[in-house]
Amino acid sequence: MVRDPFTQTRPLIAASILSANFARLKSEMDDALGNGADFVHLDIMDGHFVPNISFGPAVIQSIRPECSAFFDAHLMLSEPLRYVEALSKAGAQLLTIHVETVNDVAAAAAQIRALGVRVGITLNPDTPVERLWPALDHVDVVLMMSVFPGFSGQKFIAQSLERCGRVKRRLRADQRLEIDGGIHSGNIASAVSAGCDWLVAGSAIFSGPDRAASIAALRNPMNSAPRPSVWPCTVDND
Ligand code: DX5
Ligand code: ZN
Numbered sequence: 001m002v003r004d005p006f007t008q009t010r011p012l013i014a015a016s017i018l019s020a021n022f023a024r025l026k027s028e029m030d031d032a033l034g035n036g037a038d039f040v041h042l043d044i045m046d047g048h049f050v051p052n053i054s055f056g057p058a059v060i061q062s063i064r065p066e067c068s069a070f071f072d073a074h075l076m077l078s079e080p081l082r083y084v085e086a087l088s089k090a091g092a093q094l095l096t097i098h099v100e101t102v103n104d105v106a107a108a109a110a111q112i113r114a115l116g117v118r119v120g121i122t123l124n125p126d127t128p129v130e131r132l133w134p135a136l137d138h139v140d141v142v143l144m145m146s147v148f149p150g151f152s153g154q155k156f157i158a159q160s161l162e163r164c165g166r167v168k169r170r171l172r173a174d175q176r177l178e179i180d181g182g183i184h185s186g187n188i189a190s191a192v193s194a195g196c197d198w199l200v201a202g203s204a205i206f207s208g209p210d211r212a213a214s215i216a217a218l219r220n221p222m223n224s225a226p227r228p229s230v231w232p233c234t235v236d237n238d
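Quick note on the numbering used here: the sequence shown kicks off at 1 and runs consecutively.
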């Protein structure tokens, strides 16, 4: 469990509680974090930007005093800026917005940063990565979606790995590349080797009965995967 994942350079596992049993959220988080997950990934969905509804600030506010791990919020909202203040006040420490949902990503990043939280940007698998470039200097995290957002348990889109490489080459050493969707024990090493620092896992952690075994099955290949040596920033011409 880590309180501030930005202090770490090793690969980290973010547990997406979208796959957890919401009737016992605290024990689900304790189980994941006590068995090797590093921090908590919170999927906020509005039923409009994505075809699913999850939870919002009230749930985050309730679980915040129960958990000392870092809270990473992924905003799948058509109008994310309407909710960033409430989400930060509720206890989210990183707010990641989709580039498809704002007109001026750099201005949106500045608005989020003014709340005193970390800023992330993300994009759907069919959105060109070039859409990230104008905002790249203004964010702490780029979240690469490796499924179409909306649901846990979907199949990993392998073409995401090449997109990760293109982003990673443009990031500074103090920025992090996160990947979200379809990560499991069989593909986590390839994500690390493509440049990912933070690996989100939902069903790979919460769908089985033995969290320690599920997380060890992720951690072992994650920790032994070769990592790209692209730091410090070396921008290519793509
Ligand atoms: C999908 C969410 C993911 C999801 C990951 O919209 O953003 O965070 O919960 O779940 P898995 O790891 O099962 O794909
Ligand atoms: Zn997510």
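The beta carbon of each residue, even a glycine, is placed where N, CA and C say it ideally should be.
Every value quoted in this text rests on a predicted model; they were computed, and no experiment measured them.
In the DSSP assignment, H48 forms no beta bridge with any residue.
Per DSSP, reduced to three states, the secondary structure at L77 is coil, with no helix or strand assignment. Excluding residues up to 5 positions away in sequence, S54, F55, G56, A73, H74, L75, M76, L77, Y83, L87 lie with their Cβ nearer than 8 Å to the Cβ of I44 in the same chain.
Cβ neighbours of C164 within its own chain (closer than 8 Å, five residues either side excluded): M144, L177, I179, A191, A194, G195, C196. Within the segment 147-200, the complete alpha helix (DSSP H) segments of 4 residues or longer fall at 160-168, 188-193, listed in chain order.
By DSSP's assignment, A14 forms a beta bridge with F39, V200. In the three-state DSSP reduction, L132 falls in the helix class (H, G or I). Secondary structure of M145 (DSSP, three-state): strand. Under DSSP, the beta-bridge partners assigned to V119 are L95.
Collapsing the DSSP output to three states places F22 in a helix. Contact between the segment 100-114 and the segment 130-150 is present: 3 or more CB-CB pairs across the two stretches fall below 8 Å. Beyond the five residues adjoining it in sequence on each side, G91 comes within less than 7 Å, by CB distance, of I60, Q61, R64, F71 in the same chain, given in chain order. For V105, the enclosing alpha helix (DSSP H) begins and ends at 105-113. Relative to the ligand DX5, the beta carbon of V147 is positioned inside 7 Å of a heavy atom. Going by beta carbons, R118 and Q93 fall inside the 8 Å limit.
Listed in chain order, the non-local C-beta contacts of L115 below 8 Å within the same chain comprise V84, E85, S88, L95, local neighbours out to five positions each way being set aside. Sorting T9, F151, F39, H98 by C-alpha distance to the C-alpha of I215 places F39 at the top. In the structure shown, F55 falls within a coil segment according to DSSP collapsed to helix, strand and coil.
The Cβ-Cβ distance between S152 and S19 falls below 8 Å. Per DSSP, reduced to three states, the secondary structure at D140 is coil, with no helix or strand assignment. Around the CB of R219, 16 or more other CB atoms lie within 10 Å, so the residue is classed as buried. Sorted by position in the chain, D43, H74, D180 make up the residues whose C-beta lies under 5 Å from a heavy atom of the ligand ZN.
The continuous alpha helix (DSSP H) containing R219 extends over residues 211-224.
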